[in-house]
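So for the sequence shown, the working numbering puts the first residue at 1; every next one is plus one. Don't be surprised by glycine CBs; every beta carbon is placed ideally from N, CA and C. Okay, structure first, notes after.
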Amino acid sequence: MSSSVYALRSITQLDPLIREKAEALVRRLLDEAQTSPNKTADAYKLCGLFSFETICKLAFAKEFDDALADQGALKLLQSMERSAMTLLFDGVIPFLKSTSLGTMLPGAVGEAYRCHKYWEEGSRNMVDHFLAKSSADAKFLLSPISSGVDGFLGRKLHHEELVEEAMGYMFAGSGTTSSTLTYLLYALSLPENTSIQEQLRDEIRNIPANDMNALRQNAFVNAVIKETFRLYPTIISTLPRVLQGPLQIGQNLIPAGTVVGMQNWIHHRNPEVFPNPDQFLPARWLQSSEAMEGSLTPFSIGQRNCIGQNLAWEELYIAVDALMCGGLRFRIGLEMKPEEMEMEDRFNIAPRGHRLMLEVKKITFQ
Numbered sequence: 001m002s003s004s005v006y007a008l009r010s011i012t013q014l015d016p017l018i019r020e021k022a023e024a025l026v027r028r029l030l031d032e033a034q035t036s037p038n039k040t041a042d043a044y045k046l047c048g049l050f051s052f053e054t055i056c057k058l059a060f061a062k063e064f065d066d067a068l069a070d071q072g073a074l075k076l077l078q079s080m081e082r083s084a085m086t087l088l089f090d091g092v093i094p095f096l097k098s099t100s101l102g103t104m105l106p107g108a109v110g111e112a113y114r115c116h117k118y119w120e121e122g123s124r125n126m127v128d129h130f131l132a133k134s135s136a137d138a139k140f141l142l143s144p145i146s147s148g149v150d151g152f153l154g155r156k157l158h159h160e161e162l163v164e165e166a167m168g169y170m171f172a173g174s175g176t177t178s179s180t181l182t183y184l185l186y187a188l189s190l191p192e193n194t195s196i197q198e199q200l201r202d203e204i205r206n207i208p209a210n211d212m213n214a215l216r217q218n219a220f221v222n223a224v225i226k227e228t229f230r231l232y233p234t235i236i237s238t239l240p241r242v243l244q245g246p247l248q249i250g251q252n253l254i255p256a257g258t259v260v261g262m263q264n265w266i267h268h269r270n271p272e273v274f275p276n277p278d279q280f281l282p283a284r285w286l287q288s289s290e291a292m293e294g295s296l297t298p299f300s301i302g303q304r305n306c307i308g309q310n311l312a313w314e315e316l317y318i319a320v321d322a323l324m325c326g327g328l329r330f331r332i333g334l335e336m337k338p339e340e341m342e343m344e345d346r347f348n349i350a351p352r353g354h355r356l357m358l359e360v361k362k363i364t365f366q
């Protein structure tokens, strides 16, 4: 039901809404850096806000009060992130959720269930807001599933089913984009990558304003994003699949029905395909090989690949464009330790230190 709204032709209709959120990200980075004692801003937090507010706007027509972001969008985002532990218990102790007993437990488990309840209530409010205000507007991502008939069920989705879909939209539509943008800024902010940041800024400034086709087709912009996908894949867990037929790999025949898996972390760092695999080298994509393109799988491949990849690319293009055209120069904050940016697997990756403190300065173009 949802495939049509994720087509690039449909996504481009949402570009003005995405750019509005990208410009808010630029303002927040500058404001936080200028008012903090260390003159740094937490890009991990602010990239999270950008992607979360963007998906809420595009899916549910929800607008958060910018002045109250910490009480609105950020609290809901953090509740969503902190509820992940409930997934471990729901399958083996389902009554913790169904009876609300989980919210009464002490410690980290109880806190996870309380966060999940807050996230669920926030999602319900968004669905109600959307149904009351914007359900007739076909451009929003929730429109097809709120008005269409589910092909499997043979009926429209019930209200609580829409709430579950909304929670899935928030989770899938925010964490992946924000983690990629976070690590893109991290890579550009490292001292050894200063020239890459400057080249990216120059490339984007030479693109005519609001020319999305030129931005999408710019070789160096694509190279920087692809290299971020490669070195910092947002999904590093093994993604299992069941073989529908036998598969020959070398001397081994794997029978149908076998559970197999792929892991971006491994094949994105194959030195036979990517020389110097642990280095951030966007230039490698300027003369990419078929093997390189085939090995880059940030959105998975095949019939079960990511339905939202056009939206993810569009958000990254517009965010990078806004950051570079906004005249922001990034340097890693002195308070950051290298181990804080080690990737933590929470299905979507996150920095182990749960922050990315960057020096953010406004530069004047000549």
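Cβ-based neighbour list, residue i, same chain, cut-off 8 Å, excluding 5 preceding and 5 following
{"i": "residue 286", "result": "219, 220 and 223"}
{"i": "residue 255", "result": "243 and 246"}
{"i": "residue 261", "result": "238, 239, 240 and 241"}
{"i": "residue 110", "result": "102, 103 and 104"}
{"i": "residue 82", "result": "111, 112 and 115"}
{"i": "residue 278", "result": "231 and 269"}
{"i": "residue 352", "result": "339, 340, 341, 342, 343 and 344"}
{"i": "residue 185", "result": "43, 47, 323, 330, 356 and 358"}
{"i": "residue 328", "result": "26, 29, 30, 360, 361, 362 and 363"}
Unbroken alpha helix (DSSP H) run spanning residue i, endpoints
{"i": "residue 97", "result": "95-98"}
{"i": "residue 312", "result": "309-325"}
{"i": "residue 230", "result": "219-231"}
Heavy atom of the ligand PLP within 6 Å of residue i beta-carbon
{"i": "residue 9", "result": "Absent from the structure shown: the ligand PLP. Ligands present: none."}
Close beta carbons around residue i, own chain, < 7 Å, minus the five adjacent residues each side
{"i": "residue 233", "result": "264, 265, 268 and 298"}
{"i": "residue 372", "result": "In the structure displayed, the chain extends from 1 to 366; residue 372 sits before or after that span and is not available."}
{"i": "residue 149", "result": "155 and 156"}
{"i": "residue 208", "result": "214"}
{"i": "residue 321", "result": "204 and 215"}
{"i": "residue 280", "result": "187, 193, 227 and 231"}
{"i": "residue 129", "result": "60 and 62"}
{"i": "residue 253", "result": "246"}
{"i": "residue 190", "result": "332"}
{"i": "residue 126", "result": "56, 60, 62 and 166"}
{"i": "residue 271", "result": "277"}
{"i": "residue 108", "result": "85"}
{"i": "residue 131", "result": "146"}
Extent of the continuous beta strand (DSSP E) run through residue i
{"i": "residue 110", "result": "Where residue 110 is concerned, there is no enclosing beta strand (DSSP E), although the alpha helix (DSSP H) it sits in stretches over 107-133."}
{"i": "residue 239", "result": "239-242"}
Those residues which DSSP pairs with residue i across a bridge
{"i": "residue 331", "result": "359"}
{"i": "residue 251", "result": "For residue 251, which the question treats as bridged, DSSP gives no partner whatsoever."}
{"i": "residue 348", "result": "235 and 346"}
Neighbourhood of residue i by C-beta, 6 Å cutoff - its chain only, sequence neighbours within 5 removed
{"i": "residue 11", "result": "310, 311 and 314"}
{"i": "residue 96", "result": "89 and 102"}
{"i": "residue 295", "result": "267 and 273"}
{"i": "residue 174", "result": "51, 52 and 55"}
{"i": "residue 348", "result": "175, 176, 179 and 234"}
CA nearest to the CA of residue i, picked from the options
{"i": "residue 119", "options": "103, 133 and 134", "result": "103"}
{"i": "residue 133", "options": "62, 246, 330 and 319", "result": "62"}
{"i": "residue 362", "options": "108, 33 and 8", "result": "33"}
{"i": "residue 345", "options": "355, 235, 50 and 278", "result": "235"}
{"i": "residue 259", "options": "200, 251 and 245", "result": "245"}
{"i": "residue 141", "options": "107, 121 and 57", "result": "57"}
{"i": "residue 319", "options": "336, 43 and 109", "result": "43"}
{"i": "residue 170", "options": "108, 197 and 48", "result": "48"}
{"i": "residue 354", "options": "182, 30 and 83", "result": "182"}
{"i": "residue 115", "options": "84, 98 and 145", "result": "84"}
{"i": "residue 202", "options": "365, 6, 180 and 211", "result": "365"}
{"i": "residue 206", "options": "324, 9 and 75", "result": "324"}
{"i": "residue 138", "options": "74, 151 and 6", "result": "6"}
{"i": "residue 178", "options": "15, 22, 13 and 337", "result": "22"}
{"i": "residue 306", "options": "172, 198, 292 and 347", "result": "172"}
{"i": "residue 282", "options": "229, 326, 304 and 86", "result": "229"}
{"i": "residue 197", "options": "225, 210 and 98", "result": "225"}
{"i": "residue 393", "options": "212, 304 and 337", "result": "Summary: the structure shown does not reach residue 393, with the chain confined to residues 1 through 366, and so no result is reported for it."}
Checklist entry - In chain order, which beta strand (DSSP E) runs of at least 3 residues are fully inside the region 4-89? => result DSSP runs (the beta strand (DSSP E)) wholly in the region 4-89: 40-42.
Next on the checklist: Quick check on the DSSP output: what are the complete alpha helix (DSSP H) runs of length 4 or more inside the region 124-211, in order along the chain?
Outcome noted: Uninterrupted alpha helix (DSSP H) stretches at least 4 residues long and entirely within the region 124-211 occur at 143-147, 159-189 and 194-205, given in chain order.
Checklist entry - Which whole runs of the beta strand (DSSP E) in the region 252-289 are 3 residues long or more, in chain order? => result 252-254 and 259-262, all fully within the region 252-289.
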